[in-house]
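Residue numbers (full-length UniProt numbering), protein chains in the order written: chain A, 1 to 204; chain B, 1 to 204; chain C, 1 to 204; chain D, 1 to 204.
There are 4 protein chains.
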Amino acid sequence: MVKKPAPDATRRSEKSRRAIYAAALALVAEAGYPRTTVEGIAARAGVGKQTIYRWWGSKADVLLEAFLDLGEQMARTAGQEASAVPDTGDLAADLKAVLRATIDELLDPRFEVPARSLAAEGLVNEQVGREFVTKLLEPQLQLYVDRLRSAQATGAVRADVDPRIALELFVSPLAQRWLQRTGPISHDYTDTLVDYALHGIAPR
Amino acid sequence: MVKKPAPDATRRSEKSRRAIYAAALALVAEAGYPRTTVEGIAARAGVGKQTIYRWWGSKADVLLEAFLDLGEQMARTAGQEASAVPDTGDLAADLKAVLRATIDELLDPRFEVPARSLAAEGLVNEQVGREFVTKLLEPQLQLYVDRLRSAQATGAVRADVDPRIALELFVSPLAQRWLQRTGPISHDYTDTLVDYALHGIAPR
Amino acid sequence: MVKKPAPDATRRSEKSRRAIYAAALALVAEAGYPRTTVEGIAARAGVGKQTIYRWWGSKADVLLEAFLDLGEQMARTAGQEASAVPDTGDLAADLKAVLRATIDELLDPRFEVPARSLAAEGLVNEQVGREFVTKLLEPQLQLYVDRLRSAQATGAVRADVDPRIALELFVSPLAQRWLQRTGPISHDYTDTLVDYALHGIAPR
Amino acid sequence: MVKKPAPDATRRSEKSRRAIYAAALALVAEAGYPRTTVEGIAARAGVGKQTIYRWWGSKADVLLEAFLDLGEQMARTAGQEASAVPDTGDLAADLKAVLRATIDELLDPRFEVPARSLAAEGLVNEQVGREFVTKLLEPQLQLYVDRLRSAQATGAVRADVDPRIALELFVSPLAQRWLQRTGPISHDYTDTLVDYALHGIAPR
DNA sequence: ACCTAAGCGAGACGGTACGTCCGGTCTTCCG
DNA sequence: CGGAAGACCGGACGTACCGTCTCGCTTAGGT
């Protein structure tokens, strides 16, 4: 197998990298993913196409990193409070609060278009999908795992429940409604999901 | 606004339509969605490109109809038993059975590649997404709604539960694991989902 | 060799034929030859494409016949005086008069565009070229042959001169200037040509 | 008016340019002008279509330049003897010699097909026509003007004759017979033309 | 007066080429 | 030597026409 003689990352232009991220996000937001082109990103960033191909393998790669970078920036700006599900002792309340915040984020157009675009690419392009899940989705889900384990310690969740599966009861429905537009998403909706998930739909 | 003078559908070539469906599905299965081209479909179907553009607006449109057609054919071939969730009186068993069958279908490569491709396109292209949901997804989900309502009548599900939301507790997690590859899917997994959904994760 | 089962000319629609001629000439005049299409002619004439292909082999054929027809109509309208070079006894004057009239015709846009188009097609398409020459050009040139022969009888032209070649001395220069735009054409110019042709450019 | 941001000619690929010329001439010679396509030229030259459209505006433009280039090459190869009409003092002999050589060239298929094609295009497309005349035809004709002027100096041609018109007496007939196939072309024919042109067709 | 076979308008069809766009590579020159 | 610029080969796009092929529908004669 022939491999490119990997470029020297220490000499990489930070300015170009940032310009490319900005251009990629802007173009996706303005024109949508399919009408965003590598050529367009290069032109908008004032960068040669080769500079993009030198450091990334495809449009999807660029956007993925740009989006990760955006996430980091936002996290740094907003402070650290979001890096965990709160633990007030009231599991239902904690989950509802986080899901309400998630809804607000999902509806923020700065996130929506690139996130949706990456998710779409990830469905079809396994490599992008894996990275998307590993770097973006799974870390978020792990926070729920942590909170559920803590709830198991206090007896708020049965000990024989698998937290990684349990979290899907309320996270996946929201994800599907948002991604596939299978239904409206609202604070009431996620509240209901939490209630159903905690106590089931069968008579108690 | 300029509109094309809609072609005369009565003179449409049935042979071409079927050949196009077959070619589209075959190419998507072989090469994947992004490497499937309108030109390729036309060539494989032995059809002029214009014949595709005359009746469909895009690659996604063609594939959507081809997939719908495939579904109808399968349904016709397989008989009608699949058009409803079974109702043996044991809700948990019925749901588990249907979800196990769904898993088998999701892993059938004849379905997997085009379904995934259409779903991906639907994330990003709202029009395709709406049609995908309306024509394919929602009719399936409605079958669960029916079964849950029947369960409410027998008291197996609480009367105050919204069936359209309740079904997402077990359907959406499976959908997400399959679409986004966020985890393995197995019969055990869906059995667990049904148990959690029916009785909740909190202590009873 | 397979031959089409020649259509029955007796049942041919005269109305369609005339409409096609008119449409062809109009389109060539408006849009130029290369942008005139069989489809366009058919649409403009309110005729099916097959009706054109049934009776003609190509766009050039249609235009050629349309132009011949136009010529006949003009001739019929204008009377018969133009079907011969006048013979007043003064050869130089007769030739100059005819050439002046020819210039006026060449500059009439109703003739110019289709004539030029047909000539162009004829350069490259031998079949069209032959027909163009045989049916249009040669009959015109024959009139000069007749006049020159008459001049030979009166001694105004040497007996050993070949009239078919001699006429080219004044006709071909005009034709070339008009067709290839190699120079301006005017009454003075053709007068000069006649003088040079009659008496040569060498000292007498 | 929107204008393309003119490409940088200094970075143009000489190899591609030559390959395109060669392919264009070969295809025109083999298949004729109307069956020569930009796509075909690109494929034969091993070049992207865009490389053609970047530097030329149309098939005719390409062929015109290819033909000019061919002319230059031939001239460079053959030496400079052809860049003037010979001047032995015997005007009739000089003209006859040049016209005989011209006939040989006109019948050389390497010249015939592209020249005829360009001429045809030039009849209908004024821009091509102007360039064809300016760059190819007029420089050739100018050589006759020079020779005729020299003849006027020696008294072999009358001083009041316009050489630019006079040359058409023998050049245009040949041109027309060749282009429009209005008659056979031979050495005898051009000899006759020169005789008629010099001394006229009227009795001396 | 009816039948039937043709021409006819219409336009869908399998194709070819158009001129444009963009992907990914390669080359040139600048800092 | 990284980067900007952009020419290059390739290949798909969506459109325009080509010439062929049905469709019904007139519209004749021939019976």
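Heads up, the beta-carbon is just placed ideally off N, CA and C, and yes, glycines get one too.
Local conformation of residue i per DSSP, three classes
{"i": "Val2 of chain A", "result": "Annotation note: pLDDT 43 at Val2 of chain A (below 50); position unreliable, coordinate value reported separately. Residue state, collapsed to three classes: coil."}
{"i": "Val161 of chain C", "result": "coil"}
{"i": "Pro7 of chain B", "result": "coil"}
{"i": "Asp61 of chain C", "result": "helix"}
{"i": "Arg147 of chain A", "result": "helix"}
{"i": "Thr102 of chain A", "result": "helix"}
{"i": "Ile20 of chain B", "result": "helix"}
{"i": "Ser13 of chain C", "result": "coil"}
{"i": "Tyr33 of chain B", "result": "coil"}
{"i": "Val133 of chain B", "result": "helix"}
{"i": "Ala153 of chain D", "result": "helix"}
{"i": "Arg116 of chain C", "result": "helix"}
{"i": "Trp178 of chain B", "result": "helix"}
{"i": "Ala75 of chain B", "result": "helix"}
{"i": "Pro184 of chain B", "result": "coil"}
{"i": "Leu167 of chain B", "result": "coil"}
{"i": "Trp56 of chain D", "result": "coil"}
{"i": "Val194 of chain B", "result": "helix"}
{"i": "Gly200 of chain A", "result": "coil"}
{"i": "Thr88 of chain C", "result": "coil"}
{"i": "Leu107 of chain C", "result": "coil"}
{"i": "Gly40 of chain D", "result": "helix"}
{"i": "Val47 of chain A", "result": "coil"}
{"i": "Tyr189 of chain D", "result": "helix"}
Pick from the options that is closest to residue i, judged by C-alpha positions
{"i": "Pro184 of chain B", "options": "A:Pro173, A:Glu168, A:His199 and A:Arg149", "result": "A:Glu168"}
{"i": "Gly32 of chain A", "options": "B:Glu105, B:Glu121 and B:Thr51", "result": "B:Glu121"}
{"i": "Asp195 of chain C", "options": "D:Ala166, D:Gln180 and D:Val194", "result": "D:Ala166"}
{"i": "Leu112 of chain C", "options": "C:Arg204, C:Val28 and C:Gly200", "result": "Residue identity differs from the one stated: residue 112 of chain C is Glu in this sequence, not Leu. The shortest Cα separation from Glu112 of chain C among C:Arg204, C:Val28 and C:Gly200 belongs to C:Val28."}
{"i": "Pro203 of chain D", "options": "C:Gln152, C:Gly129 and C:Pro173", "result": "C:Gln152"}
{"i": "Ala84 of chain C", "options": "C:Arg110, C:Arg130 and C:Thr102", "result": "C:Thr102"}
{"i": "Asp160 of chain C", "options": "D:Leu64, D:Ala175, D:Ala26 and D:His199", "result": "D:His199"}
{"i": "Leu136 of chain B", "options": "B:Gly71, B:Val171 and B:Lys49", "result": "B:Gly71"}
{"i": "Phe132 of chain D", "options": "D:Leu64, D:Ala6, D:Ala24 and D:Ala23", "result": "D:Leu64"}
{"i": "Gln180 of chain C", "options": "D:Val157, D:Asp191 and D:Leu118", "result": "D:Leu118"}
{"i": "His187 of chain B", "options": "B:Thr134, B:Asp104, B:Lys15 and B:Thr10", "result": "B:Asp104"}
{"i": "Arg17 of chain A", "options": "A:Pro34, A:Glu30 and A:Arg54", "result": "A:Arg54"}
{"i": "Gly57 of chain A", "options": "A:Phe170, A:Gly89 and A:Val38", "result": "A:Val38"}
{"i": "Ala66 of chain C", "options": "C:Ala26, C:Thr77 and C:Thr190", "result": "C:Ala26"}
{"i": "Ala97 of chain D", "options": "D:Ala42, D:Lys15 and D:Val171", "result": "D:Val171"}
Neighbour-count burial assignment, residue i, 16 or more Cβ in a 10 Å radius
{"i": "Arg12 of chain D", "result": "exposed"}
{"i": "Met1 of chain A", "result": "Annotation note: pLDDT 40 at Met1 of chain A (below 50); position unreliable, coordinate value reported separately. Flag for Met1 of chain A reads exposed."}
{"i": "Arg116 of chain C", "result": "buried"}
{"i": "Gln50 of chain D", "result": "exposed"}
{"i": "Ala75 of chain C", "result": "exposed"}
{"i": "Leu36 of chain C", "result": "The displayed chain sequence assigns Thr, not Leu, to residue 36 of chain C. Buried, since its Cβ has 16 or more Cβ neighbours within 10 Å."}
{"i": "Pro173 of chain C", "result": "buried"}
{"i": "Arg110 of chain A", "result": "exposed"}
{"i": "Leu107 of chain A", "result": "exposed"}
{"i": "Lys3 of chain A", "result": "Residue placement at Lys3 of chain A cannot be trusted, given a pLDDT of 43 that sits under 50; what the coordinates show is reported in the next sentence. Classification of Lys3 of chain A: exposed, given that the 10 Å Cβ count is below 16."}
{"i": "Asp8 of chain D", "result": "exposed"}
{"i": "residue 207 of chain D", "result": "Chain D is shown only over 1 to 204; residue 207 of chain D falls outside these bounds and no answer can be derived."}
{"i": "Gly129 of chain A", "result": "buried"}
{"i": "Thr10 of chain C", "result": "exposed"}
{"i": "Thr154 of chain D", "result": "exposed"}
{"i": "Pro114 of chain D", "result": "buried"}
Nearest-angstrom Cβ-Cβ length linking residue i and residue j, presumed shorter than 8 Å
{"i": "Asp69 of chain B", "j": "Tyr21 of chain B", "result": "5 Å"}
{"i": "Val47 of chain D", "j": "Ala19 of chain D", "result": "6 Å"}
{"i": "Arg44 of chain A", "j": "Ala23 of chain A", "result": "4 Å"}
{"i": "Leu99 of chain B", "j": "Ala156 of chain B", "result": "Wrong, their Cβ atoms sit about 17 Å apart, outside the cutoff."}
beta-carbon residue i near the ligand GTP non-hydrogen atom, thresh 8 Å
{"i": "Gly122 of chain C", "result": "What this structure holds is no ligand at all, so the ligand GTP is not there to describe."}
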